[in-house]
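Structure, as structure tokens:
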Amino acid sequence: MNWLILVIAGLFEVVWAVGLKYTHGFTRLWPSVGTAMAMAVSVVLLAIALKTLPVGTGYAIWVGIGAIGTAIAGILLFGESVSTLKIVSIVLLVAGMAGLKLSSTA
Numbered sequence: 018m019n020w021l022i023l024v025i026a027g028l029f030e031v032v033w034a035v036g037l038k039y040t041h042g043f044t045r046l047w048p049s050v051g052t053a054m055a056m057a058v059s060v061v062l063l064a065i066a067l068k069t070l071p072v073g074t075g076y077a078i079w080v081g082i083g084a085i086g087t088a089i090a091g092i093l094l095f096g097e098s099v100s101t102l103k104i105v106s107i108v109l110l111v112a113g114m115a116g117l118k119l120s121s122t123a
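Heads up: the sequence shown begins at 18 in the numbering used here, then just goes up one per residue.
Written out as structure tokens, the structure reads:
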């Protein structure tokens with residue numbers, strides 16, 4: 018169950034990272050409120066997941082989900098460039114996260 022909570026926490030990290038773009042430096046009220054709420058949910062869920070998961074593994078996977086999701090969102094939502102190196106890097110992040118999960122005892 019805590020792995021699922023960790024994945025949801027990572028998805029909320031994507032929400033707040035993308036939300037930062039819409040806040041325009043926290044000068045727009047409602048995007049700022051939504052982003053702050055997503056930040057809080059993400060960190061609280063991470064803390065819950067880390068009650069039983071190893072901190073290094075849990076944190077790395079949380080960050081990885083956020084990084085991968087935000088990179089993909091940037092491509093899809095903001096027209097950011099796609100390159101072979103970017104795709105290979107995302108695949109390597111996924112492989113690293115899988116390795117951390119497989120090596121975890123929790």
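A virtual CB, placed ideally from N, CA and C, is assigned to each residue, including glycine.
From a predicted model like this one, the values you see are computed outputs, not experimental measurements.
Cβ-based burial, residue i [other Cβ within 10 Å; buried from 16]
i      : result
PHE43  : exposed
SER120 : exposed
PHE95  : exposed
VAL31  : buried
LEU23  : buried
Own chain, CB closer than 6 Å to residue i, minus 5 neighbours either side, in chain order
i      : result
TYR39  : PRO48
MET114 : ILE78 and GLY81
Same chain, Cβ closer than 7 Å to residue i, five either side skipped, listed in chain order
i     : result
ALA34 : GLY83 and THR87
GLY36 : PRO48, GLY51, THR52 and ALA55
Residue i versus residue j: straight-line alpha-carbon distance, rounded
i      : j     : result
LEU117 : ARG45 : 38 Å
ASN19  : LEU67 : 8 Å
GLU97  : THR74 : 29 Å
Residue i - containing alpha helix (DSSP H), residue span
i      : result
PRO71  : Note, PRO71: premise wrong, no alpha helix (DSSP H); not H, not E.
VAL105 : 101-120
PHE29  : 19-40
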